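Residue 178 in the numbering used here sits at position 130 of the sequence shown; the count goes up by one each step and never skips. No residue lacks a Cβ here, since even glycine has one placed at the ideal position from N, Cα and C. These numbers come from a predicted model, not from an experiment. Data block below; observations after.
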Amino acid sequence: MLPVKPEAVLYLVVGAEQVECGVLAGGAWVDGSVRQLPCGQASRLAGVLDDIAASLAEVAMPRTRRVQAIVADIWLASLTMPWSVEQRGAGARGYALAQLVDGGAAVEDADLVRIDAAPPGQARLVFGYPAALIDGLERLAERAGAPLASVLPYSVAAWIAERGPQQGAARVLGLCDQRMLLVCHGTTRLDAVTARTSAAGIEGLHGLWDRMQLCEPHLAKLPALSCLDLSATAPLCRLQLAASVPRRASALDAVMDRPQPAVLRWALAIAALGCAAVVVAQAAQQVSATRVLQQQWAARPVRASVAPAGRIWQRDELDKVRSVNRAVATLNLPVAAMLLALRPPADIGVVLLSVELAGGADQERPAPVTIRAQAGSGAEMARYVAFVGEQKPFHSAVLLEHELNNLGPERVYRFTLEAQWSE
């Protein structure tokens with residue numbers, strides 16, 4: 049069912065074979081606003097978007113409030129990449145671009161990069177939007193007299209629109225368009241996307257999923273593939289998908305949040321001033337009450353007391369006590385359980401290189417365990433970090449550093465992670 053919205057919204061679908069658009073107002077498509085133009089090559093996209101804008105100018109329709117678009121994944125670059133705390137900040141975009149290039153994607157420095165949000169130490173999904181595509185969409189929105197409010201890949205839009213009743217459960221979603229096959233899988237969030245150029249339909253989608261399970265055996269543990277057919281068998285099926293996704297539903301949206309309208313900004317400013325005035329008044333009352341208590345404390349009768357003399361420890365005695373404490377803490381380490389928990393399962397291609405254990409006698413909590421290992425790919429590295437964080441006695445694992453070793457016959461990732469354990 050389409051959302052019933054009083055304002056008019058222009059929805060745009062940049063599909064694998066054609067570009068579609070339509071204006072939705074009051075739960076119905078405006079007469080004459082639904083248009084379809086073929087686009088078989090990336091070089092034609094900009095011209096097709098300009099033609100769409102010109103054709104809409106000839107239609108009498110209500111004022112458009114915003115423009116929302118979904119784009120076929122074959123026009124974009126995507127990758128699931130390893131992530132650690134070192135990549136946060138200004139260097140995140142450059143790191144993501146380098147990962148896309150290493151993965152074989154044709155991206156440029158001017159392209160728009162979006163990185164999904166994920167817990168620390170877990171792999172993240174990244175999308176690269178061609179700058180020419182975003183420029184064409186912004187020109188179309190400008191000619192339509194409305195802001196560009198959202199641009200999402202097919203995969204992300206379908207993942208959001210097809211959410212099941214069990215939140216947090218693992219699921220696998222397949223999508224076929226006129227010339228594209230998509231397989232998406234994850235749990236609470238979308239973990240990975242596989243896109244192929246093919247017109248094989250639902251049968252080809254099942255074949256792609258079977259091949260993926262052969263290449264990655266751990267995928268066989270996921271639920272059965274559910275399919276979404278957008279190959280033009282139902283009218284307006286792609287436009288309906290675009291209209292069913294709310295704005296700002298994903299960190300992978302190419303359009304960032306825009307500034308609030310002036311009236312709303314003034315209202316927020318006035319509310320902030322009111323809150324600040326209340327906080328200042330409460331702080332003044334607290335200062336006054338504190339001064340009264342300080343005066344009462346200073347005026348209290350003081351009874352002289354003599355502190356008992358404590359034992360004075362010699363330096364050599366303190367060193368012996370510390371040595372004994374460290375030795376006891378080291379003996380109490382659950383070494384056997386730790387080594388058993390660190391053993392990689394058969395479906396994760398990781399080789400352990402070293403494990404460093406520390407007793408942590410001088411610390412308030414047990415010292416972390418440092419693990420150095422080697423993996424055949426970034427995905428295997430990310431899966432092993434997530435695996436360690438779920439094994440007892442460990443309760444968290446964070447990737448500290450990694451490097452790509454090109455000296456041998458095969459490219460391998462050498463990485464270091466830190467696992468925190470509890471007794």
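Take residue 367, set aside five residues on each side of it, and no residue of its chain has a beta-carbon closer than 7 Å to its own. In the DSSP assignment, residue 450 falls within the beta strand (DSSP E) that extends over 442-453. Non-local beta-carbon contacts of residue 397 in its own chain, meaning distances under 8 Å to residues more than five positions away in sequence, involve 423, 424, 425, 428 in chain order. Of all alpha-carbon atoms in 205, 224, 270, the one lying nearest the alpha-carbon of residue 297 is that of 205. The continuous stretches of alpha helix (DSSP H) do not include residue 131, and DSSP gives it neither H nor E.
Going by C-alpha positions, residue 392 is about 15 Å away from residue 461.
Scanning 278, 145, 140, 167 for the CA closest to the CA of residue 62 turns up 278.
Beta-bridge pairing by DSSP links residue 114 to 57. Annotation: residue 324 to residue 370 spans about 51 Å, alpha carbon to alpha carbon. Residue pairing from DSSP places residue 198 in a beta bridge opposite 116. Secondary structure note for residue 222: its beta strand (DSSP E) is the uninterrupted segment 219-225.
Under the DSSP assignment, residue 87 falls outside any alpha helix (DSSP H); it carries neither an H nor an E label. Beta-bridge partners of residue 126 (DSSP): 175.
By the Cβ criterion, the segment 143-157 is not in contact with the segment 264-274, since fewer than three pairs of Cβ atoms, one from each stretch, lie closer than 8 Å.
With fewer than 16 other Cβ atoms inside 10 Å of its own Cβ, residue 330 counts as exposed. Beta bridge pairing from DSSP links residue 339 with no other residue.
When DSSP states are grouped into helix, strand and coil, residue 78 belongs to the coil group. Counting C-beta atoms within 10 angstroms of its own C-beta, residue 383 has fewer than 16 neighbours from the protein chains shown and is therefore classed as exposed. Ranked by Cα distance from residue 129, the options 172, 244, 166, 250 are led by 172.
CA-CA distance, residue 187 to residue 302, rounds to 15 Å. Remark: C-beta atoms of residue 78 and residue 56 approach each other more closely than 8 Å.
Of the residues assessed, residue 263 falls on the exposed side of the cut-off, its CB having fewer than 16 other CB atoms within 10 angstroms. Shown here, residue 154 sits in coil according to DSSP, grouped into three states, outside any helix or strand. With a cutoff of 8 Å on beta-carbon distance, residue 228 and residue 243 are scored as near each other. If you draw a 10 Å sphere on the C-beta of residue 450, you find 16 or more other C-beta atoms in it, and that means buried. By the criterion of a C-beta distance shorter than 6 Å, residue 257 is surrounded in its chain by 231, 273, once the five residues flanking it on both sides are discounted. Taking C-alpha positions only, residue 65 is separated from residue 86 by approximately 6 Å.
Boundaries of the alpha helix (DSSP H) around residue 290: 285-291.
For residue 426, the uninterrupted alpha helix (DSSP H) segment begins and ends at 426-437. Contact check for residue 197 against residue 116 passes: the beta carbons are separated by less than 8 Å.
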